[in-house]
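S.K.:
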Amino acid sequence: MENGLFPDISDDDYGVICGADEAGRGPLAGPVTAAAVVLPPTFPFEILNDSKKMSEKQRLEAERIIKEKAVAWAVVSLSHKVIDRINILNASLLAMKMAYSKVSKTVHVDTLLVDGNKKPDVDIPVHAVVKGDAKIHEIMAASILAKTERDRIMMLCDARWPEYGYAKHKGYPTEEHREAIRKYGPSPIERMTFQALKDETPSLF
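Structure (structure tokens):
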């Protein structure tokens, strides 16, 4: 882990680290997906990076290696219905908590490090790290697993509702996605509580 990130805590105080991150907070459609990962000291850390800076090919190859070599990992997706019910922030934190809980059932974890500035409610010390997906190896790995899994889900959604173009924009509020919403109305996986969606379909609200 990067030295000096938490200067009041020595590296030894962290013990076994689990990193967690989510993908899908910004889209208008589809799930939010979170992952949690514990890596061994022998992991090939050079393959890791901020998932947003990696090509799809790089992410998929890193995903394969993470799943093969990680001490433990878990991925959890929460649907648009859950997001509409509890809001996207709470859904993101809940997904990370659920992913961590799955990991903690298979391996002992001392510290949870999560990307961002909000922390899920878990039973061990947890630190929120702004831009952690570019600083902390465990968070980078979680970011990659979350991103690749969510992209896979959105590809399946594209096959079912091809008119919305989910394979291309993955549900993010691109002009192509907004135009499809205006033309066809919200798809069955749109997040109906998002203001941007209400702006495109005011007659529905």
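Residue 23 is where the sequence shown starts when you use this note's numbering, and the numbers rise one by one after that. Quick reminder that beta carbons are idealized off the backbone N, C-alpha and C, glycines included.
#1: Quick check on DSSP: helix, strand or coil for residue 149?
#2: Between 214, 224, 221 and 222, which lies nearest to residue 109 when the distance is taken from Cα to Cα?
#3: Buried or exposed, going by whether 16 or more other CB atoms sit within 10 Å of the CB of residue 48?
#4: Just checking, does the segment 150–169 make contact with the segment 70–78 on the three C-beta pairs under 8 Å criterion?
#5: Ignore the nearest five residues each way along the sequence and tell me which others in residue 91's own chain have a CB closer than 6 Å to its CB.
#6: Taking contact to mean at least 3 C-beta pairs separated by less than 8 Å, is the segment 81–98 in contact with the segment 49–61?
#7: Measuring only the C-alpha atoms, how far is residue 43 from residue 166?
#8: Which class does residue 125 belong to by DSSP, given the choice of helix, strand or coil?
#9: Could you name the residues of the same chain whose beta carbon sits closer than 8 Å to that of residue 117, not counting the 5 residues immediately before and after it, in chain order?
#10: Ends of the beta strand (DSSP E) at residue 134?
#11: Residues in its own chain within less than 8 Å of residue 143 by CB, not counting five upstream and five downstream?
#12: How long is the line joining the alpha carbons of residue 197 and residue 222, rounded to whole angstroms?
#13: Rounded to the nearest angstrom, what separates residue 104 and residue 113 at their Cα positions?
#14: Return helix, strand or coil for residue 143, following the three-state DSSP convention.
#15: Could you round the C-beta distance between residue 195 and residue 50 to whole angstroms and report it? I think they count as a contact, below 8 Å.
#16: Could you give the distance in angstroms between the alpha-carbon of residue 161 and the alpha-carbon of residue 136?
#17: Expressed to the nearest angstrom, what Euclidean distance is found between the alpha-carbon atoms of residue 130 and residue 121?
#18: I'd like the ranges of any beta strand (DSSP E) spanning at least 3 consecutive residues and lying wholly in the segment 69–100.
#19: Pick out whichever of 201, 134 and 123 has its Cα sitting closest to the Cα of residue 37.
#20: Under a Cβ-count criterion, where at least 16 other Cβ atoms within 10 Å of its own Cβ denotes burial, should residue 181 be classed as buried or exposed?
M.R.: Short version:
#1: In the structure shown, residue 149 adopts extended strand secondary structure according to DSSP, grouped into three states.
#2: Considering only alpha carbons, the answer is 214.
#3: Exposed: under 16 other Cβ atoms inside 10 Å.
#4: Using a C-beta cut-off of 8 Å, the segment 150–169 makes contact with the segment 70–78, since at least three inter-stretch Cβ pairs fall below that distance.
#5: Spatial neighbours of residue 91 in its own chain (CB-CB distance under 6 Å, excluding positions within 5 residues in sequence) are listed in chain order as 65.
#6: Yes: at least three Cβ pairs fall under 8 Å.
#7: Approximately 9 Å, taken between the alpha carbons.
#8: Helix at residue 125.
#9: Sequence-distant Cβ neighbours of residue 117 in its own chain, meaning closer than 8 Å and more than five residues away, are 44, 54, 55, 56, 98, 99 and 100.
#10: Counting along the chain, the beta strand (DSSP E) containing residue 134 begins and ends at 133–137.
#11: Excluding the 5 residues flanking it on each side, residue 143 has same chain C-beta neighbours closer than 8 Å at 115 and 119, in chain order.
#12: Approximately 11 Å, taken between the alpha carbons.
#13: Whole-angstrom Cα-Cα distance: 7 Å.
#14: In the structure shown, residue 143 sits in coil (DSSP, three-state: anything other than H, G, I, E or B).
#15: Between residue 195 and residue 50 a beta carbon distance of about 5 Å is seen, short of the 8 Å cut, so the two are scored as contacting.
#16: A direct Cα-Cα distance of roughly 7 Å separates residue 161 from residue 136.
#17: Taking C-alpha positions only, residue 130 is separated from residue 121 by approximately 14 Å.
#18: Counting only runs of at least 3 residues, the segment 69–100 fully encloses the following beta strand (DSSP E) elements, listed from N- to C-terminal order: 94–100.
#19: When each option's Cα is compared against that of residue 37, the closest is 134.
#20: Note on residue 181: under 16 other CB atoms within 10 angstroms of its CB, so exposed under the neighbour-count rule.
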